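Q: For the sequence shown, this note's numbering begins at 442 and goes up steadily by one. Yeah, the Cβ is synthetic: ideal placement off N, Cα and C, and Gly gets one too. The structure displayed is predicted, hence computed values, not measured ones. Below is a structure I'd like to ask you about.
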Amino acid sequence: MDHKNYINCKYRSGVQFVPHSGVQSIRKEPDGTLTIEATLTTEDGHSTTHHAFRGFDAIVMAVGRTPRTSGFMEHTTIIRNEKGFIEVDGQENTSVPGVYAIGDATNTGWELTPVAIAAGRRLADRLFGGEPDACLHYHQIPTVVFSHPPIGTVGYTEPDAVAKFGPSNVKVYTSSFVNLFYSMLAPENKPKTAMKLICVGKEETVVGMHVAGMGADEMIQGFGVAVKMGAYKSDLDNIVAIHPTASEEFVTMAPWGKIQDRITLPFGTARPPPTMLE
442 MDHKNYINCK YRSGVQFVPH SGVQSIRKEP DGTLTIEATL TTEDGHSTTH HAFRGFDAIV
502 MAVGRTPRTS GFMEHTTIIR NEKGFIEVDG QENTSVPGVY AIGDATNTGW ELTPVAIAAG
562 RRLADRLFGG EPDACLHYHQ IPTVVFSHPP IGTVGYTEPD AVAKFGPSNV KVYTSSFVNL
622 FYSMLAPENK PKTAMKLICV GKEETVVGMH VAGMGADEMI QGFGVAVKMG AYKSDLDNIV
682 AIHPTASEEF VTMAPWGKIQ DRITLPFGTA RPPPTMLE
């Protein structure tokens, strides 16, 4: 959902995407422009064609990063994966007892400064703070792609939730909203902010929230707290919406007249562990 909404927004602004492609060469033409020679493969992988994309002033190559773990770790027995990332468990333990690793050089998949800071603090709490069970829950980290429009996400994606909990235990809600910023545009030119809510179990525990569109970067932090606290879908249903905002879509996804069918708890009641997350 998130990437499709983002791509649709960029198409509206004139950006062209070429999926399933592989750059073969880049050459400079006599007029100073750049030409990209690339192969295009169909989504099913059965057919490949060659194309030339011409007339570029500049080309940006963004192929990700690799950890600088070579040149010294060969002298240790610490296990790294094929890309050089240090393999760690859920408590930052490496394959060598007493040796820990945190941050971008690990195989956690989170190359973000706040994640490294949080993991380091919990490691310090375990080693020196008397909190042996302190750990970072990597599946509940809120994050944002600072694109235009931004994409905000926290928790499980729909495929990940289905894989972990089973399709019969996952319920998905979706909605969209046109921000007031675009009110004066023609209807066909108004980009929408898209939302998706991933719930699990009979309590409909919220395990994932995803939003793509204006304001996603600012709203996902607060909703991340709700996911971390184990909020139910009914908790979102029972809060009064702030209108007109995109974030109200997350709290107005319940079918009218159906809220009473969900599990609710009086304010201050101890919350039992979610059935599907035990």
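In this structure, how does DSSP classify residue 664 when only helix, strand and coil are distinguished?
A: Numbered from its first residue, the sequence shown carries residue 664 at position 223. Residue state, collapsed to three classes: helix.
Q: Assess contact between the region 599-615 and the region 554-565, defined as three or more Cβ pairs (one per stretch) separated by less than 8 angstroms. Is contact present?
A: no
Q: Would the beta-carbon of residue 648 fall within 8 angstroms of that of residue 571?
A: One-based indexing of the sequence shown puts residue 648 at position 207. One-based indexing of the sequence shown puts residue 571 at position 130. It is not a contact, given that the beta carbons lie outside the stated cut-off.
Q: Go through the region 603-644 residue by residue and report every complete run of the alpha helix (DSSP H) that reaches 4 residues or more, in order.
A: List check, alpha helix (DSSP H) in window: nothing returned.
Q: Just to confirm, is the Cβ distance from residue 654 to residue 682 under 8 angstroms?
A: Here residue 654 refers to the residue found at position 213 of the sequence shown. Here residue 682 refers to the residue found at position 241 of the sequence shown. No, these two residues do not count as a Cβ contact at 8 angstroms.
Q: Mind checking who residue 586 pairs with in its DSSP beta bridge?
A: Here residue 586 refers to the residue found at position 145 when the sequence shown is read from its first residue. Beta-bridge pairing links residue 586 to 592.
Q: Which same chain residues, not among the five before or five after residue 664, have their C-beta less than 7 angstroms away from its C-beta?
A: In the sequence shown, the residue the question calls residue 664 occupies position 223. Counting only Cβ-Cβ distances below 7 angstroms, and skipping sequence neighbours, we find 595, 650 and 691.
Q: What is the DSSP secondary structure of residue 683, reduced to helix, strand or coil?
A: On the sequence shown, residue 683 is found 242 positions in, with the first residue counted as 1. Residue state, collapsed to three classes: coil.
Q: Tell me the DSSP secondary structure of residue 690 in three-state form.
A: Start at 1 with the first residue of the sequence shown, and residue 690 comes out as number 249. Of the three classes helix, strand and coil, the one that applies to residue 690 here is helix, per DSSP.
Q: Compute the beta-carbon to beta-carbon distance between residue 674 and residue 640, rounded to the nearest angstrom, for a pair I have assumed lies under 8 angstroms.
A: Counted from its first residue, the sequence shown places residue 674 at position 233. Counted from its first residue, the sequence shown places residue 640 at position 199. Contact holds; Cβ gap of about 5 angstroms.
Q: Excluding sequence positions up to five away, which residues of its chain have a Cβ less than 7 angstroms from the Cβ of residue 710?
A: Sequence index remark: in the sequence shown, residue 710 carries index 269 (1-based). With a pLDDT of 48 at residue 710, under the threshold of 50, the predicted position of this residue should be treated as unreliable, though the coordinate-derived value follows. Cβ within range, chain order: n/a, list empty.
Q: For a quick check, are the C-beta atoms of residue 508 and residue 546 less than 8 angstroms apart?
A: Numbered from 1 along the sequence shown, position 67 holds the residue referred to as residue 508. Numbered from 1 along the sequence shown, position 105 holds the residue referred to as residue 546. Cβ distance < 8 angstroms, so residue 508 and residue 546 count as in contact.
Q: Could you tell me the boundaries of the alpha helix (DSSP H) in which residue 469 lies?
A: Walking along the sequence shown from the start, residue 469 turns up at place 28. No alpha helix (DSSP H) holds residue 469; the beta strand (DSSP E) holding it covers 462-469.
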